[in-house]
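Everything on this sheet refers to the single structure shown next.
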Amino acid sequence: MAQGKGNSVQRRRQKAEGAVPISAAGEGGGEGPRAGPSLSGPVGRCEVRAVTVPKKSLRPGYGRAGRGTLLGVNYFKTSLSKRVDVHHYNVSIEPETVSKRMCREIMKKLRETYGNEYFDGKHGAYDGEKSLFTSGCLPFKSMKFSVLLDNFEGSSCRPGDSGRPSSASRRAEPLSQRRAPSKVRKFDVSIELAAKIRMDAIEEMMKRALGRCDQELQDRALDALRVLDVILREIASRRGYLLVRDNFFHPSLGQVCDLGDGVEGWRGYHSSVRPTLMGLMLNLDTTMTVVLKPTLVDEFLKERFNVRDLSGLQKRDWAKAKDMLKNVRIETTHTGVSRKYRISGFSDRSIRELKFMKGTKDGNGEEEISVYNYFFDTYSRKLKNLNFPALDLGNSRKPIYMPIELCKIVSGQRYTKPLSSKQRMAQIGASKQAPQERQKICENALKVCNYSSDKLIAEFGLQFDNKLASVSGRVLPAPQLDFGNGKTEEPKEGRWNFNHKTLKKGVTIAAWAVAVFDPCCNDGDRIAFQLIESCSRRGMVMKSPAVVQKQPRNSFGSSPEERVETMFNALRPYAPVFILAILAEKDSPIYVPFKRLCEIRLGIISQCMVKPRTLNDQFLGNLALKINLKMGGLNSPLSQRMLHCLGQSTIIFGMDVTHGSPGDVEIPSIAAVVATKNWPEVFHYSTQVKVQPARMEMIQGLYEPEGGMVRELLMSFYSTCAKGVNPKPSQIIIYRDGVSDSMFAKCLEVEFVAFKRACAELEAGYNPGITFIVAKKRHGTRFFPQSRDALRNGNVLPGTVVDKDACHPRNFDFFLISQAGLIGTARPTHYTILVNENQLGPDDIQTLTNKLCYTFGRCTSSISMAAPAAYAHILASRYRKLMSPLEGGSTTSSSSSRGIGVSRPLPPVPILRMKADHSMFFC
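If you're matching positions, the sequence shown starts at 1 in full-length UniProt numbering and goes up one per residue.
Here it is, written out as C-alpha cells:
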C-alpha cells in the first residue's frame, strides 16, 4: 500500500544525528522485525527491534506567508553587566520541612544571624527548596548553621502520622488545653558548594541561533536562565508577595476585587527572563490570582453557602466545606497571642457534645468538662454555634478541636478549587484590560517592580531597558469554509455567520424530547418551536418534540439523582434519540447526573441550556451548531483545497491531560486523546480516554501491548475513512496541550515513542512520519499593534503570527493569535514543534494551525488554539465531570495531603453507550 510522504522522510530521518534507541519489542526485546497483519485485515502484534528518540527539532527557517505588521511586545531588553560566575550551593534543612514558605523564613533568619560574618555581605538567591545561588563564591565550601525560628507554625513541619486510633481511644480536647507548640524551634541548615554556573553560556547559546550548538552548551544556558528566574522570585519573596511559579501578587499591587462566595482577586505580575532572537529579555505582564478572604471561618461559610447562619447548612454542605477548607491556614482569636494552624477537617460531633478530661483545681484528679463550659470559664467566651462541628487542627492520631467562630483565615492563601460561573464572570470582569490599557500597565511594571534599585539585582549585575520591545509579525489569511448548496466563505476578522447559508450537512432528528428542570420555565413548548425554526433555517430537520416534560413539583425536594431518574421515567415511553434539557442555572447540580444517565446508561445525545433573558436567533443558532455536531452533521468544514500542504491521508491528533486542583494529590489525572476520522474534512474526531495517577502529565496509555489509545484511533480512522483507497495515514500530526518547556525531552521519550510503537505493531514496515507540536497558553507574552492594522477594540488581527524576534533563538516555535480577542487583550498560543519528520516548512505548519482554529464546530468564530487540542481539553473535562461521583476514596497517589503514603486503585473509565456516529457527544 502507498504510504505517501512518509517513506522518503523516514529514510532521511534514519540518519538523524544522535538518535537514542529504545527497545520497542515485547518481553526480552531481542527479536527482529517479523511479519505482521495489514491494517486491511485482522489486527495483531508486530514486533520491531527499536524506536529512536530524536533530538528536538531546530528552527529550519522563517515563515513568509501573509502580510507584514509591526507589533509591540511586553519584553524589556536585559543584560548582564558582571562577568562573574554564579556559585550554586546545595541547601539541606533539618528537621525537613515541605513548606517553601517555612524554608524561606529559615533562610531569611540565617542571613540575618550569620550574613556579615559568613556571607561577605552577599544576599544570594534561594529557590525555597534545595538551592542557593550567589554571585561569586562564599568564604567556605561547606558549613552547618543552627537557626532559631520563633513564632513557629507547628503544623508546617509535623512528620507523617502512622495509623489512626479507634474512636473509643480518641478524646476531643480544645486547643488551649493541649500543650502549646514551642514558640522557638531550632533548625540545622547545611550549605555545601555544588557547582559553578557560567552566566555567559546564555549569550553564547543565543549567538548560535541557527548554527550548531552542542547539548552541553544548551544545558549550561538552561542552568544560567534558571538562576535569573530564581533571582526574580527571591526578590518577590523578600517583599512579602504571594509567589505562584513565575508570578507574584499582593494587595499593594492593585485593587483587591471581591469575587463573591468568600474569595477575592489579588493583582500582580508575571516576571520571567527569556532568551529570544533579539537577545535576553525580561517578560513582564499583569495578572490576577484568587485568594481566600481573611475573615472568620464561620463568616466565610455563611458567605460561601449564602446562608444567614450555619443552621442553614445541609449535610452535603458540610462535606463540601471540609473539602474547601482542608489545609487552609487559620489563626486563633480567643487569646492575646495569635497562633497559626492548618485545618485538617471537622469534628465528628457538635460543640455541644464535645467533652474532655481536665485537671481539677486542686490538682488531685481529673474531671469531665464540656468544650462550651471550658471556653466560658477560662476565657469568658460564650460560644454561639453549639450545634455545629468544631475545626480539627490536629492530625489523624491527635485531633485538636477549636470552635469555628474563634478561627480566622490567614491572609494571602490561594483558593485552588474550581470557581463557580458567577466567580469566573467576576474574575473576567475584574481582570480584563483593553490592549492599550494593558500596554500602559506593562510599560509601568518595571517602575512598580523597582528592579533598578534592588540590591539583589545589583549583586548579580542585571540591567533592564525601560522601553517595551518591538517585533515584526505577519497576518495570515483566513481559510475558505464550505457550507451547504456549494457555497463558500472566507471569514472576516475571525468571524462568519449563516445568513443566507446552510450547514454543510444538516442532520434529521425525529424522536426527541424537552426536559424542563427549571421550575421557573413555563414556556418549554415555545423554546422547542423556536429551536425547530432556527435549525430549519440552517439546513437541519427537527420534527416536533415527542414530549415537553416539566419536572414534577413534588420532586424538587429530592436529590439531583432522584430528580433525573424521575424525569427519565417520564420520558422513557417516547424513546427519544435526543434530549434538550432546560436547567435553572449554570453549575446546576442536575448537570452531572443528567449527563451520566444519558451517556453511560442510555447512549442518548443531549444538550443542556439555561433559559436566557432574550431568546434570540444567535443563541438558538449556536445551540443548533452544537446539536448538529453532536448528532454527526457537518457545520462549516475547511474546503478540501485548504489542506494541500498535507499531501494524502493525514491523521491529526489532539492530546491533553487534566489534573485535580493544585495541591490536591488524591484526585487522579485524566488523559484524553482525539483523532480525525474523516479525511480530508478534518471535522469529526474519534476519542480515547484513560485515567492515570494524580499529577502525572505524560500520557501512559498511548501504547499498550494489547491495544492502546493510538492503535484504537488509527483503527477508527481506517474503519471510517475511504476504505480501500489508501486508508492508512501516511503522516501523523499531533497537537499536544499542556506540556511545559522542562518536559519536552520526557514528552519525546514517552509519547513520541509510544506513537512509533503503536504504528509498528499494526503492520510490518508501517512507519508514518510524525510532526509533534506542543501548544501552550500559560505564558506571559502579549502583543500590541503599533499601527492601524488592528481590530476596533485595539487587539491584533486574527491570524497574526510571530516566528522571529520574540521567539526562542533555537527552538522551532512561533506565537499565533488566531482568535478575534473580544474581551480584554488577546492571548497568543505558543506552539513548539518538537519533531518534524514530515519536514513541513514553517509556512505549512503555521497556516495549517491557523486553519484548524476555524474548525471548532461549536461556534462561528476562530478559537485561540488548534481545534484538536481544544477538543482533547473539553473531552478530558467532560470525563472529569462524569467521574466526579466516583472519585472520592478511589484514587491513586504516592502521598496524601498530610504526607502519608497511600496507594489506592484508580477508578475505571466510564464505558459510554454512544454510537460511532455520535463521537462528538462531548462538544
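Where a beta carbon is used, it is the ideal one built from N, C-alpha and C, also for glycine.
Values in this document were obtained by computation on a predicted structure and should not be read as measured data.
Nearest-angstrom Cα separation, counted from residue j out to residue i
i	j	result
A775	C520	43 Å
A916	E599	13 Å
C535	L597	26 Å
C721	K677	6 Å
residue 945	M715	Outside the modelled stretch of the chain, which goes from 1 to 923, sits residue 945, for which no answer is possible.
L906	G461	50 Å
N116	D188	19 Å
R788	Q607	42 Å
P868	I605	21 Å
residue 936	I823	In the structure as shown, the chain starts at 1 and stops at 923, and residue 936 therefore has no counterpart that could be examined.
G61	P842	7 Å
T52	V753	7 Å
G412	R239	13 Å
C157	G312	Low per-residue confidence applies at C157: pLDDT is 41, beneath 50, and the placement is therefore not dependable, though the value from the model is reported in the following sentence. Going by the C-alpha atoms only, they are around 36 Å apart.
I652	L310	53 Å
M278	D805	5 Å
L702	S862	29 Å
G738	S919	23 Å
P545	A624	15 Å
K398	S344	11 Å
V802	S470	11 Å
N616	D523	15 Å
Beta-carbon separation (whole angstroms), residue i vs residue j, contact threshold 8 Å
i	j	result
M698	K746	6 Å
L138	D127	Actually they are not in contact, since the Cβ atoms of L138 and D127 sit about 17 Å apart, beyond 8 Å.
L225	K141	That pair is no contact at about 25 Å.
T566	S559	Contact doesn't hold; Cβ gap of about 11 Å is too wide.
R474	T69	7 Å
Q427	L259	6 Å
I330	K340	7 Å
M540	W512	With 8 Å as the limit, M540 and W512 do not qualify as a contact, their Cβ atoms being about 12 Å apart.
Nearest residue (CA-CA) to residue i, options the options
i	options	result
Q640	D587, Q480, R339	Q480
E443	F784, E459, I582	F784
D150	S452, K109, D200, E533	K109
S272	Y75, G473, G260	Y75
T614	P552, Q530, Y591	Q530
V86	R381, V227, G524	V227
G621	P593, K501, Y591	K501
H334	P275, T360, I404	I404
M642	V673, P418, E681	E681
D377	K358, E204, N387	K358
W496	T687, Y854, C759, A125	Y854
Backbone secondary structure at residue i - three-state DSSP
i	result
N838	coil
T847	helix
S895	Low per-residue confidence applies at S895: pLDDT is 35, beneath 50, and the placement is therefore not dependable enough to give any value.
A255	According to the sequence shown, residue 255 is Gln rather than Ala. Looking at Q255 - three-state DSSP - the assignment turns out to be coil, as it is neither helix nor strand.
L816	strand
S453	helix
H644	helix
A50	strand
M281	strand
V307	coil
H873	helix
F375	helix
Q700	coil
Bridge-paired residues (DSSP) for residue i
i	result
M609	I582
I330	Y341, I409
S81	According to DSSP, S81 bridges with nothing at all.
V471	L71
P389	S350
S669	Q692
T113	Looking at the DSSP assignment, T113 forms no beta bridge with any residue, so it has no partner.
T287	G268
P275	L280
Q215	Answer is none; Q215 lacks a bridge partner.
W512	F578
H830	K776, F815
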